Structure formats: structure tokens, C-alpha cells
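First the structure, in the form of C-alpha cells, and then the observations on it.
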Amino acid sequence: MIILEDVSKTYSTGAPALNNVSIHIEPGEFVFIVGDSGSGKSTMIKLLLKELTPTSGRIIVNNTDLGKLRHRQIPRYRRNIGVVFQDFRLLKDRNVYENVAFAQRVISVPNRQIRKNVPAVLSLVSLAEKYKSKPRELSGGEQQRVAVARAIVNKPPILLADEPTGNLDPRTSWEIMKLLEQINRDGTTVLVVTHNREIVNAMRKRVITMKKGVILSDRMKGGYIDEV
Amino acid sequence: MGYVLKQGFKNIWRNKIFSLATIATIAACVFLFGVFYSVVVNFQNIVKQAQSGVAVTVFFEEGLDDMRIQEIGQEISVRAEVSRIVYVSAQEAWDSFKDDYLGEYVDTFGDDNPLADCANYEIYLNDVSMQDSLVNYLSTINGIREVHKSANVADALSSANSLIAYVSLGIVAILLAVSIFLISNTVAIGITVRREEIAIMKLIGAKDFVVRSPFLLEGILLGIIGSAIPLVAVYVIYDNLVNYLISKYSVLNSILIFLPVEEIFYTLVPISLIMGVGIGFLGSLFTVRRHLRV
């Protein structure tokens, strides 16, 4: 599903962000990527979203070699990946329904289909009754659930979550992680970049630990490594 | 497509002040263009009428036979400068002179024709600016005694018209540049306001077309609105002004023949709309290309 082969990325400033990183992630896996700031986690997300191009190495996602992807093919490629951010990135001037529908509108899904899909996904994240609310009327956890709904409404095979619990209290963080786990159980490959030690340790999933652009460890049913 | 249209209109509404400023500038540009266009087209019409009466007259050497006069007529009529040529015999010239100037004193001349040597060709021109080259040519023809060219009133009219056209083109060009700059700014602000939304669109996998077209549409809509308003204004002003002038100064009717408003607008409407849409499209395209690397 996701293959990184000897991937390195050096920014134009000369700072190396990733150094010969190789990762294989199978379809349907749930993987945590942990590490300090500056460890290369964000760079990896940007590479997977094709916002950046690696300096060397090869990235294959869903059988697509990103190095061979042309500029005009990028939008179609990105539809395979749902993304959730720490700061939710919701459109403040639109209600919950419109925020989720937005993801379908911009890829020209017919209205009839949108009217079916959006309520279904809102009910999956338990926000069906709040479809008319504006983001400012929601709690942090609810806003993140809207963001998750938006990320999965197009049914991407991969979901990337960049610090999804970074702005949430422990109880709400758990709710979000349970939601991601459920989405994973339904067949979506989930990659979660996080600092949240308790959650990583409790969930017993595959954990890839990074430091200064290299992989320090890659363990199935692993935990948060303290020395990083 | 529905999304693109909706966002295009929303963008205009979101930046109300800038949108208004842009519409006002385009409107000023198109209004001035419309006014200058109406003036220039009417002026051209007047010049054309004046030119159609401009003739060069050639007189023949004494005793030139009819055969040679006919030959000269044929040589002249094939010239590119010439629209038509009229032969005036000595008798016709005298009759015309008598009618115009002598009135009751005509009898003092009896049967004499003082203009016996004044048979001539009146040569009408295609374009008054060609008069000098034709006169030079005519002076070289054997059998021609004298060439009279017209006073250069039509020429002066033609120069004045060109001057008005150039000045108006200059002003319109400056206003066009200002309009494009303003549209560009308005769209740039729209892009800044919606930066977050654009970033999300890109991540979700919106195609370049979907990301860019609301902004292009915004520019085009501003252009259409900005050109439609002054067209209505010019129509009303022109129609009323011409009607007022015709009714108030009926003496002008023989000199100034105004073109009907429909005839002016038949050309002015498409040119102005194309201008408005063009300004809008170009202004937004520059900005979208510079600020919206998708």
C-alpha cells in the first residue's frame, strides 16, 4: 500500500529532513509514527501527499510511483488519501454539513450522491444531529470529528492523521483515536503521526519511531520509546 | 460547474468594496470609450460626407480636340485615387456660373461664352488624403493646362478626427491598464482571504480548473458588470443629446447628420463587452498564475 525505498529529503537550505528511510506498510494496517519535532515526520506526510519531492529514493502509494506522477495527475492521486490535521482546518464560514460536502463538491460528486453520503458519514462520527452547526459552535473534539468525516467522505483507501489529538484533552483524544480505529477496521489504512505517549502505549499498534530523519525503530504492537 | 459559479459570485460579494472599485474603474473606462467612440464615428461620418464633395478640377490646353480629352478622361478614371469623374463642357460651365453668380445681369453677355476654354473634368476622390499624389500625376499629363485642387477643409477635418481617435485611444489604454491592475488586486485579495480553503481544496484533490476558475469567473463577472452599466448610460445620454440637438438647433441638420443610436450600438456593445470580459479575464489570469500555484 505504502512503500518508501531509501528515501532522502534535503531542503534547499541544506538541512537534511529524511535520510535513507525505507518503510513498507500493508493495506489495512494501523501505524503510529512518533518522534520529536525535527525528526522528519511532517516531511514524510508532505512527501506522501506529493507536496514535496524526495531528493533521492522511491515512494510508491497504492501502486502509484510518485516519482513518475505528472503535475496534472496529482489531484486524482490525492483523492486516495484523506488527511486530518492538528488544527482541524475547517471552513469557518460554513456549517458542518457544508464542510463535509465541500470535499465532495470540489471533486464534482453529483448533488444527489452528496445528499446521501454526507449524512451517512456524519452519523459515523456521531455528529448527524449537529449538521447545521458552525465550527465555532462545536467543541475541539467535535471539530476534529468533522475533519475526520471530511477526510473519509470520499472513501480514500488511506487516511493520514497529523497530530490529530494535539489540541484535545485526554478524554476527547481517546474518542478520536477510537474513531480512527473504527475507520481502520472498516478497511482503511491509517497512519497517525503523534506525540501522545499514553495512546500509543495503550493501543498496541505498529509504531515507527523517528529521530533526526532516520528510523530508530519499527515495532509491531510497539510502544512509545522514551529515549527519543 | 455549479460550485464554480457559486464561488465566483460569492467572491465578488465577499470583497464588496474592492469589487465596487473595480466595477467603477472598468465602467469609467468603457464609458469614456463609448463617448469617444460615438464622437469619432460621428466625426468620421461627417468627414466622409465632406470628402464625397471634394473634387479636383482639370482644365485643358486651348484648342485640344475632343478625342484627346476623352483619352485623358479614361487615363484619369483608372487611377486608384479616383472614385468618379465628371466631364463639364464649356457651355455647362458657363450655364452653372450664370446661375450661381450673374442672375439678372446675364443678358449683358449676349450669346458670348466667356468660359469658352473652360471645359473641364471634375474628379472625385476615394480619400482626401490622396489628393496631393493625384494632383502631381495630373500635372504631368499632356494637354492639361491647369489643375485646381480643393481647399483642404476635408483634410483638416480628417486630421482632427485622427487626433481625437489617437487621444481617446491613449486615454482608454491607460484606463485599461488601471482596470487590469485593480482586477488583479481584487482577485489577489480574494485569494488571500480564501488561502485556507484553497489549501484544503488542493489536499482533497481538486483539479487546477476547480481551484482557479472561481477567481477567473470573478474577474470576468466584474468585467461584464463594469461594461454593461456604462453602455446603458451612453445609450441614454447619446439618444437624448442627439434628439435635443436636432430639435433645438434644426439649422445644424444640413451640416451635422448624427448617426442613429442603434447604428452606433450595433458595434459599440460587442466591442465594450469583449473589452470588459477581456480586462476581467486578463486581470484575474495574471493574479491566479502568480498567486495560485496549484
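Residue numbers (the working numbering), protein chains in the order written: chain A, 23 to 250; chain B, 1151 to 1444. Cβ atoms here follow ideal geometry from the backbone N, Cα and C, with glycine treated the same way. Just so you know, these numbers come straight off a predicted model, no measurement behind them.
Nearest to residue i (by Cα), restricted to the options the options
i, options, result
"A/TYR153", "A/VAL131, A/ALA123 and A/ASP191", "A/ALA123"
"A/ARG116", "A/LEU190, A/ALA142, A/LEU160 and A/PRO192", "A/LEU160"
"B/ALA1267", "B/ASP1216, B/TYR1399 and B/PHE1210", "The residue asked about is misnamed: residue 1267 of chain B is Asp in this sequence, not Ala. For the residues B/ASP1216, B/TYR1399 and B/PHE1210, the minimum Cα distance to B/ASP1267 belongs to B/PHE1210."
"A/ASP184", "A/ARG207, A/GLY245 and A/ARG111", "A/ARG111"
"B/SER1377", "B/PRO1420, B/GLN1220, B/GLY1340 and B/HIS1441", "B/PRO1420"
"A/GLY101", "B/VAL1206, B/LYS1352, B/PHE1436 and B/TYR1153", "Looking at the sequence itself, residue 101 of chain A is Arg, so the reference to Gly does not match. Comparing Cα positions, the closest option is B/LYS1352."
"B/GLU1231", "B/PHE1168, B/LEU1391 and B/ASN1286", "B/ASN1286"
"A/SER61", "A/LEU88, A/LEU91 and A/SER30", "A/SER30"
"B/ALA1356", "A/ASN206, A/ARG172 and A/ALA125", "A/ALA125"
"B/VAL1208", "B/LYS1299, B/ASN1311 and B/LEU1372", "B/LYS1299"
"B/ILE1162", "B/GLY1373, B/GLY1320 and B/VAL1238", "B/GLY1373"
"A/ILE67", "A/ASN85, A/GLY50, A/ASP240 and A/ILE45", "A/ILE45"
"A/THR75", "A/VAL105, A/THR32, A/SER130 and A/LEU146", "A/THR32"
"B/MET1280", "B/ARG1229, B/GLU1272 and B/SER1246", "B/ARG1229"
"A/GLU164", "A/VAL140, A/LEU181 and A/THR194", "A/THR194"
"B/VAL1197", "B/ASP1277, B/ILE1235 and B/TYR1153", "B/ASP1277"
"B/ILE1350", "A/LYS114, A/MET242 and A/ASN223", "A/LYS114"
"A/GLN95", "A/LYS72, A/ASP109, A/ALA150 and A/VAL105", "A/LYS72"
"A/VAL168", "A/ILE198, A/ASP191, A/GLY188 and A/ILE129", "A/ILE198"
"B/ASN1263", "B/TYR1271, B/TRP1244 and B/ALA1200", "B/TRP1244"
"A/VAL140", "A/GLY162, A/TRP196, A/ALA173 and A/ASP109", "A/ALA173"
Beta bridge counterpart(s) of residue i as assigned by DSSP
i, result
"B/PHE1183", "The partner list for B/PHE1183 (beta bridge, DSSP) is empty, contrary to what the question assumes."
"B/PRO1420", "Per DSSP, none; premise fails for B/PRO1420."
"A/GLU27", "A/ARG80"
"B/LEU1371", "Looking at the DSSP assignment, B/LEU1371 forms no beta bridge with any residue, so it has no partner."
"A/MET232", "A/ILE237"
"A/LEU181", "A/GLY104 and A/VAL212"
"B/ALA1205", "B/TYR1274"
"A/ASP115", "Bridge partners of A/ASP115: none, in fact."
"B/GLU1296", "B/PHE1209"
"A/THR86", "A/VAL83"
"A/ILE55", "A/VAL215 and A/ILE230"
"A/LEU40", "A/LYS31"
"A/ARG207", "Note: A/ARG207 sits in no beta bridge, so no partner."
"A/ILE45", "A/LEU26"
"B/VAL1232", "B/LEU1275"
"B/VAL1238", "B/ASN1270"
Chain B within 9 Å of residue i, Cβ atoms only
i, result
"A/SER300", "Shown here, chain A extends from 23 to 250; a query on residue 300 of chain A therefore has no answer."
"A/VAL250", "Low local confidence applies: a pLDDT of 45 at A/VAL250 is under 50, so the model's placement there is unreliable, with the coordinate-based value given in what follows. No, because no Cβ of chain B sits closer than 9 Å to the Cβ of A/VAL250."
"A/PRO97", "yes"
"A/VAL105", "yes"
"A/GLU183", "Glu is not the amino acid found at residue 183 of chain A; the sequence shown has Ala there. No, A/ALA183 lies away from the interface with chain B (no Cβ there is under 9 Å from its Cβ)."
"A/PHE124", "yes"
"A/ARG100", "yes"
"A/ARG127", "yes"
"A/ARG94", "yes"
"A/ASN139", "no"
"A/ARG172", "yes"
"A/ASN176", "yes"
"A/ALA37", "no"
"A/ASN133", "yes"
CB contact check: residue i to chain A, cutoff 9 Å
i, result
"B/ARG1340", "First, the amino acid is wrong: residue 1340 of chain B is Gly here, not Arg. Closer than 9 Å: no."
"B/ILE1162", "no"
"B/ALA1200", "no"
"B/GLY1158", "no"
"B/GLY1320", "no"
"B/GLY1184", "no"
"B/ALA1310", "no"
"B/ALA1349", "yes"
"B/VAL1427", "no"
"B/TYR1416", "no"
"B/GLY1152", "yes"
"B/GLU1346", "yes"
Closer than 9 Å at the beta carbon, the chain E residues around residue i
i, result
"B/GLU1231", "The structure shown contains no chain E; its protein chains are A and B."
### Message
Would the region 232-244 of chain A count as touching the region 26-44 of chain A if we require 3 or more Cβ pairs under 8 Å?
### Response
Yes, since at least three Cβ pairs between the region 232-244 of chain A and the region 26-44 of chain A fall closer than 8 Å, the two stretches touch.
### Task
Tell me, please, whether the region 215-225 of chain A touches the region 50-58 of chain A by the rule of three or more beta-carbon pairs shorter than 8 Å.
A contact between stretches requires three or more CB pairs, one per stretch, nearer than 8 Å, and the region 215-225 of chain A meets this requirement with the region 50-58 of chain A.
#### Entry: Residues, ordered as in the chain, of the region 1352-1377 of chain B that lie near chain A by beta-carbon distance below 9 Å
Taking 9 Å as the Cβ-Cβ cut-off against chain A, the residues of the region 1352-1377 of chain B that qualify are LYS1352, LEU1353, ILE1354, GLY1355, ALA1356, LYS1357, ASP1358, VAL1360 and VAL1361.
#### Entry: contact_flag[the region 1362-1373 of chain B, the region 134-151 of chain A] where n(CB pairs < 8 Å) is 3 or more
Segments in contact, no.
### Query
Are the region 1329-1336 of chain B and the region 76-85 of chain A in contact at 8 Å, needing three or more beta carbon pairs?
Inter-segment contact for the region 1329-1336 of chain B and the region 76-85 of chain A is absent: fewer than three beta-carbon pairs are separated by less than 8 Å.
### Message
To be precise: take each residue of the region 62-77 of chain A, compare its Cβ to all Cβ atoms of chain B, and keep it if any distance is under 7 Å. Which residues remain?
### Response
Per Cβ criterion, the list reads LEU71.
### Where the region 108-122 of chain A meets chain B: residues whose CB sits under 7 Å from a CB there
The residues in question are ARG111 and LEU113.
### Message
Tell me whether the region 1344-1351 of chain B and the region 1405-1419 of chain B touch, counting them as touching only if at least three CB pairs, one residue from each stretch, are closer than 8 Å.
### Response
At 8 Å Cβ cutoff, the stretches do not touch.
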